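A.B. asks:
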Amino acid sequence: MAPYLEETRGLYDGASPAIVRPANTQEVAAVVAVCAEANVAIVPQGGNTGLCGGGVASGEVIVNLARMNKVRAVDPLNYTMTVDGGCILAEIQRVAEENDRLFPLSLGAEGSCQIGGNLSTNAGGTSVLRYGNTRELTLGLEMVLPDGRIWDGLTALRKDNTGYDLKQLFIGAEGTLGIITGAVLKLFPRPSERHTAFVALSELDAVLELLSRARKASADTVSTFELIPRIGIDLSLKHMPETVDPIAENHDWYALIEFEGSASGDGLAAAMEDFLGAALEDGMVVDAAIAQSETQRQQMWFIREAMVLAQGPEGASIKNDISVPISKVPDFIRRADAAAIARCPGVRPVAFGHIGDGNVHYNLQQPVGADNVAFLARWDELTEAVIDIVRDLGGSFSAEHGIGLLKVRELADYKSAVEMDLMRTVKKALDPKGLMNPGKVL
0 MAPYLEETRG
10 LYDGASPAIV
20 RPANTQEVAA
30 VVAVCAEANV
40 AIVPQGGNTG
50 LCGGGVASGE
60 VIVNLARMNK
70 VRAVDPLNYT
80 MTVDGGCILA
90 EIQRVAEEND
100 RLFPLSLGAE
110 GSCQIGGNLS
120 TNAGGTSVLR
130 YGNTRELTLG
140 LEMVLPDGRI
150 WDGLTALRKD
160 NTGYDLKQLF
170 IGAEGTLGII
180 TGAVLKLFPR
190 PSERHTAFVA
200 LSELDAVLEL
210 LSRARKASAD
220 TVSTFELIPR
230 IGIDLSLKHM
240 PETVDPIAEN
250 HDWYALIEFE
260 GSASGDGLAA
270 AMEDFLGAAL
280 EDGMVVDAAI
290 AQSETQRQQM
300 WFIREAMVLA
310 QGPEGASIKN
320 DISVPISKVP
330 DFIRRADAAA
340 IARCPGVRPV
350 AFGHIGDGNV
360 HYNLQQPVGA
370 DNVAFLARWD
380 ELTEAVIDIV
390 RDLGGSFSAE
400 HGIGLLKVRE
410 LADYKSAVEM
420 DLMRTVKKAL
430 DPKGLMNPGK
440 VL
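So in numbering that gives the first Met the number 0, spot 85 of the sequence shown is number 84, and the numbers just go up one at a time.
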């Protein structure tokens with residue numbers, strides 16, 4: 000049972016009387032119906048890779064969908080794929096590619112996370128700028144409701160104006176309104192070329208104009224625009240020996256940029272070169288490297304993933320997953336840095352993420368030589384300081400990781416009374432006994 004009870008960050012210890020592993024939707028429905036009749040609470044669980052404790056059990060039965068891992072159908076001409084809720088994200092990507100299509104959702108945990116969990120948290124990732132969150136990538140759902148009934152909403156239609164769009168209730172609900180057992184996903188033309196650049200910025204504010212220019216230069220085919228701080232590269236070089244720094248001199252801020260096209264020879268390579276040349280000439284960029292091979296491209300991408308992993312060996316880290324309007328990202332980072340350092344001298348902010356959609360992963364690395372436990376004890380204090388700035392800038396304290404157990408208090412504090420009342424009304428209507436993932440979100 001241990002793998003189902005362990006939580007990714009080690010913030011919670013799970014406990015459950017039983018792990019149930021159904022093989023199909025009918026078995027899920029039978030399990031849920033029995034639990035509902037006996038007033039036994041359930042925690043739906045996917046790949047157990049969530050970062051907010053949404054899949055943690057505290058005495059509830061765990062219903063894990065790992066055995067429901069089939070791709071049910073692919074319709075390349077309709078650009079859709081129908082899958083089980085337990086399908087691994089990387090497998091969905093692979094099958095799409097086999098059919099000369101693209102499923103663009105891409106996450107660090109894609110080798111083990113399940114699409115049901117991605118849908119339940121409305122996962123984001125590195126391609127939201129062009130393709131949208133998981134919510135935008137979904138046409139239909141199949142759900143097992145808290146009383147055990149099955150709702151078959153597996154429509155492959157892009158236009159259907161027949162009443163409420165029910166699937167949107169369940170996407171992002173983190174398993175509190177039912178269990179996602181199937182989904183119809185949107186596919187896209189498979190890119191035939193990608194052009195990747197790693198650039199050093201002259202200053203943080205330059206990133207805004209650079210993003211705007213990149214979108215215009217590429218005819219809005221920018222699939223990735225990631226902000227990377229120097230400390231992220233330094234930690235990667237220190238703890239991840241495979242790291243290769245693509246730019247010789249050190250700079251404070253960098254961007255990882257990728258143009259993506261589905262028609263070879265459409266001028267994207269020249270567009271990227273011209274775009275970067277103009278940015279260098281205008282002083283927004285002080286140095287740049289364009290990947291000349293897939294190996295170099297992977298080395299650039301490795302930095303983006305490695306700096307997340309490298310924070311672990313460096314000590315304790317307080318994590319924030321926030322979003323603000325894109326135009327406010329530099330202002331947020333400066334204000335948050337100042338607030339965090341004023342409260343905790345020596346703390347090392349590590350701000351990085353999806354600048355193209357305003358999502359900043361704002362992590363606070365413990366001061367050098369500090370005690371891990373003592374630093375983590377300041378989680379609420381330092382997080383509150385960061386979230387106050389986010390709220391002042393019209394942002395969100397949870398951009399793509401969800402609420403789970405970790406952020407329940409923040410949701411209650413920062414959402415309006417009307418919003419909280421509406422959410423509780425929906426929860427009570429669909430799950431009157433409160434048996435579906437209790438304690439999460441609300």
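Beta carbons are placed, not taken as given, at the ideal position from N, Cα and C, and that holds for glycine.
Just so you know, these numbers come straight off a predicted model, no measurement behind them.
In the DSSP output, what is Phe374 paired with across the bridge?
C.D. replies: Looking at the DSSP assignment, Phe374 forms no beta bridge with any residue, so it has no partner.
A.B. asks: Per DSSP, what kind of secondary structure is Gly400 in: helix, strand or coil?
C.D. replies: Before going on, a small fix: residue 400 reads as His here, not Gly. His400: coil per DSSP, three-state reduction.
A.B. asks: Step through the CB atoms of chain C and report whether any lies within less than 9 angstroms of the CB of Ser111.
C.D. replies: Absent from the structure: chain C. Only one protein chain is present.
A.B. asks: Provide the residue(s) that pair with Leu101 in DSSP beta bridges, ordered along the chain.
C.D. replies: Note: Leu101 sits in a beta bridge opposite Phe187.
A.B. asks: Starting from Asp74, trace the beta strand (DSSP E) in both directions and tell me its first and last residue.
C.D. replies: 70–74
A.B. asks: Which residue's Cα is closest to the Cα of Asp12: Gly58, Gln25, Met283, Thr24?
C.D. replies: It is Gly58 whose Cα lies nearest to the Cα of Asp12.
A.B. asks: Can you tell me where the beta strand (DSSP E) with Thr79 in it begins and where it stops?
C.D. replies: 79–83
A.B. asks: Return the CA-CA distance between Asp336 and Ile388, expressed in angstroms with no decimal places.
C.D. replies: 11 angstroms
A.B. asks: Ser57 by DSSP, collapsed to three states: which one?
C.D. replies: strand
A.B. asks: To the nearest angstrom, report how far apart Leu50 and Thr175 are at their CA atoms.
C.D. replies: Straight-line Cα distance between these residues: approximately 16 angstroms.
A.B. asks: Kindly indicate which three-state DSSP category Met306 falls into: helix, strand or coil?
C.D. replies: helix
A.B. asks: Curious, which full-length beta strand (DSSP E) runs of at least 3 residues does the stretch 114–163 contain?
C.D. replies: 137–143, 149–152
A.B. asks: Under three-state DSSP, which class holds Arg8?
C.D. replies: coil
A.B. asks: Within the continuous alpha helix (DSSP H) that includes Ser211, where are the two ends?
C.D. replies: Unbroken alpha helix (DSSP H) run through Ser211: 205–216.
A.B. asks: Short of 6 angstroms in beta carbon distance, which residues of its chain neighbour Ser322, apart from the five on each side in sequence? Order them along the chain.
C.D. replies: Gly357, Asn358, Gly394, Ser395, Ala398
A.B. asks: Name the residue from Asp146, Glu141, Asn160, Ile149 whose alpha carbon lies nearest to the alpha carbon of Lys166.
C.D. replies: Glu141
A.B. asks: Using 8 angstroms for Cβ pairs, my map puts Gly54 next to Gly45. What's the rounded Cβ distance?
C.D. replies: The Cβ separation is near 7 angstroms, so the contact holds.
A.B. asks: DSSP on Met435, reduced to helix/strand/coil?
C.D. replies: strand
A.B. asks: Could you say which of Ala278, Val425, Ile61 lies nearest to Pro2 if we only look at CA atoms?
C.D. replies: Ile61
A.B. asks: Apply the 10 Å Cβ neighbour rule to Thr161 and answer buried if 16 or more other Cβ atoms are within range, or exposed otherwise.
C.D. replies: exposed
A.B. asks: Taking Cβ to Cβ, would you say Pro75 is nearer than 9 angstroms to Leu186?
C.D. replies: yes
A.B. asks: Determine the DSSP secondary structure at His250, reduced to helix, strand or coil.
C.D. replies: In the three-state scheme derived from DSSP, where H, G and I count as helix and E and B as strand, His250 is classed as coil.
A.B. asks: Can you list, in chain order, the residues of its chain whose CB lies under 8 angstroms from that of Leu136, leaving out five sequence neighbours each side?
C.D. replies: The residues are Phe102, Pro103, Leu104, Tyr130, Leu184, Lys185.
A.B. asks: Under 9 angstroms between the Cβ atoms of Ile178 and Ile91?
C.D. replies: no
A.B. asks: Grouping DSSP H, G and I as helix and E and B as strand, with all else coil, what is Arg66?
C.D. replies: The three-state secondary structure of Arg66, taken from DSSP, is coil.
A.B. asks: As a quick exercise: from Leu279, Cys343, Leu381, Leu168, pick the residue whose alpha carbon is nearest that of Val425.
C.D. replies: That would be Leu168, whose Cα lies nearest to the Cα of Val425.
A.B. asks: CA-CA distance, Ile229 and Asn249?
C.D. replies: It should be noted that the sequence gives Arg, not Ile, for residue 229. The alpha-carbon atoms of Arg229 and Asn249 are separated by roughly 7 angstroms.
A.B. asks: Touching or not, the stretch 206–214 and the stretch 105–122, by the rule of three or more beta carbon pairs under 8 angstroms?
C.D. replies: no
A.B. asks: Which word fits Lys237, buried or exposed, when buried means at least 16 other C-beta atoms lie within 10 angstroms of its C-beta?
C.D. replies: exposed
A.B. asks: Within a Cβ cutoff of 7 angstroms, which residues of the same chain sit near Ala411, ignoring the five residues on either side of it in sequence?
C.D. replies: Met419
A.B. asks: Below 6 angstroms CB to CB, which residues in the same chain sit around Glu225 once its five sequence neighbours on both sides are set aside?
C.D. replies: Leu255, Arg303
A.B. asks: Do Thr7 and Ala47 come within 9 angstroms of each other at the CB atom, strictly closer than that value?
C.D. replies: The question names Ala, but residue 47 is Asn in the sequence shown. Taking 9 angstroms as the Cβ cut-off, Asn47 and Thr7 qualify as a contacting pair.
A.B. asks: Could you have a look at Gln365 and say whether DSSP puts it in helix, strand or coil?
C.D. replies: It is coil, neither helix nor strand.
A.B. asks: Report back the beta-carbon spacing between Phe197 and Pro245 to the nearest angstrom; my notes put them in contact at under 8 angstroms.
C.D. replies: The Cβ separation is near 4 angstroms, so the contact holds.
A.B. asks: I'd like to confirm something about Lys185: is its beta-carbon nearer than 8 angstroms to some heavy atom of the ligand ADP, or not?
C.D. replies: With respect to the ligand ADP, the structure shown offers nothing to examine, as it has no ligands at all.
A.B. asks: Using CA coordinates, which residue listed in Leu434, Cys86, Gly84 is at the minimum distance from Pro145?
C.D. replies: Leu434
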